[in-house]
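Asks: In terms of my numbering, the sequence shown is numbered consecutively and its last residue is 1255.
We treat Cβ as the ideally placed atom computed from N, Cα and C, and that holds for glycine.
These numbers were taken from a predicted model, which means no experiment stands behind them.
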Amino acid sequence: MLHRLSIKNFVLVESLDLTFDRGLSVITGETGAGKSVMISALGLILGQRADTKAIKEGCDRCVLEAEFTDIDSLRPFFEAHDLEYDEPSCIIRRELSINGKSRAFVNDSPISLGLLKDLGAELLDIHSQHENLWLGKDSFQLEVLDTIAQSEDLLQQY
């Protein structure tokens, strides 16, 4: 569960610290209120490619950090990839420098972008506007059905 999000010097945001409680969290606001900035920050934290244009103008770096709790189910992932498992939470930090360098950390240990993407996929799903349109596509419906039926072996044999 995403427990905390911290954004420093990212796009137009100088500093933002949010704490989320258990249950449903809804972020609403007018156009230009910064909702997309938060989603973009989460995307970078979870392994998306970075661009120096994301650093707030006049700053030499930005720091994005997220804390996830209730991560017991990820212990095998951490152990398989020699990542420090620090119960009961996992802190991911991403630092972007104006010189183009990007660094990522999990519980203060450096991590590759590829591994960060894999971990991010286990931690959080981001669903954006208009994604519901996938529900009308036959190929998506078949993929969902195959996933629920756990028919990967049969599908590969086919």
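Would you mind sorting Ile1142 into buried or exposed? The rule is 16 or more other CB atoms within 10 Å of its CB.
Replies: buried
Asks: Roughly how many whole angstroms lie between the Cα atoms of Pro1173 and Ile1208?
Replies: 17 Å
Asks: So His1147 packs on Ser1112, CB below 8 Å; how close in whole Å?
Replies: One detail in the question is off: residue 1147 reads as Ala in this sequence, not His. Incorrect: roughly 19 Å between the Cβ atoms, too far for contact.
Asks: Exposed or buried, Phe1107, counting other C-beta atoms within 10 Å across all chains shown (16 or more means buried)?
Replies: buried
Asks: Keeping to the same chain, check which residues put their C-beta closer than 7 Å to that of His1178; ignore five residues upstream and five downstream.
Replies: Leu1212
Asks: By a C-beta neighbour count over all protein chains shown, 10 Å radius and 16 as the cutoff for buried, is Gly1144 buried or exposed?
Replies: buried
Asks: In terms of alpha-carbon separation, which member of Gln1247, Asp1205, Leu1171 lies closest to Ala1218?
Replies: Of the candidates Gln1247, Asp1205, Leu1171, the one whose C-alpha sits nearest the C-alpha of Ala1218 is Leu1171.
Asks: Compute the distance between the beta-carbons of Leu1161 and Ala1138, then report whether it is under 8 Å.
Replies: yes
Asks: Since I believe Asp1243 is in contact with Leu1230 (beta carbons under 8 Å), could you give me their beta-carbon distance rounded to a whole number of angstroms?
Replies: Distance from Leu1230 to Asp1243 at the Cβ level is roughly 20 Å; contact not present, criterion being Cβ atoms closer than 8 Å.
Asks: Could you pull the DSSP bridge partners for Cys1187 from this structure?
Replies: Answer is Phe1165.
Asks: Around the C-beta of Ala1246, are 16 or more other C-beta atoms found within 10 angstroms, so that it is buried, or is it exposed?
Replies: exposed
Asks: Which residue wins for smallest C-alpha separation from Val1203, given the options Phe1175, Asp1222, Gly1126?
Replies: Phe1175
Asks: Looking at Ala1163: is its Cβ nearer than 8 Å to the Cβ of Leu1099?
Replies: yes
Asks: Grab me the residues of Lys1105's own chain with a C-beta within less than 7 Å of its C-beta, minus the 5 sequence neighbours each way, in chain order.
Replies: Spatial neighbours of Lys1105 in its own chain (CB-CB distance under 7 Å, excluding positions within 5 residues in sequence) are listed in chain order as Ser1112, Cys1159, Val1160.
Asks: Under the three-state reduction of DSSP, which class applies to Thr1128: helix, strand or coil?
Replies: Residue state for Thr1128 is assigned as coil, using DSSP reduced to three classes.
Asks: Would you decide whether Arg1119 is buried or exposed? Buried here means 16 or more other CB atoms lie within 10 Å of its CB.
Replies: exposed
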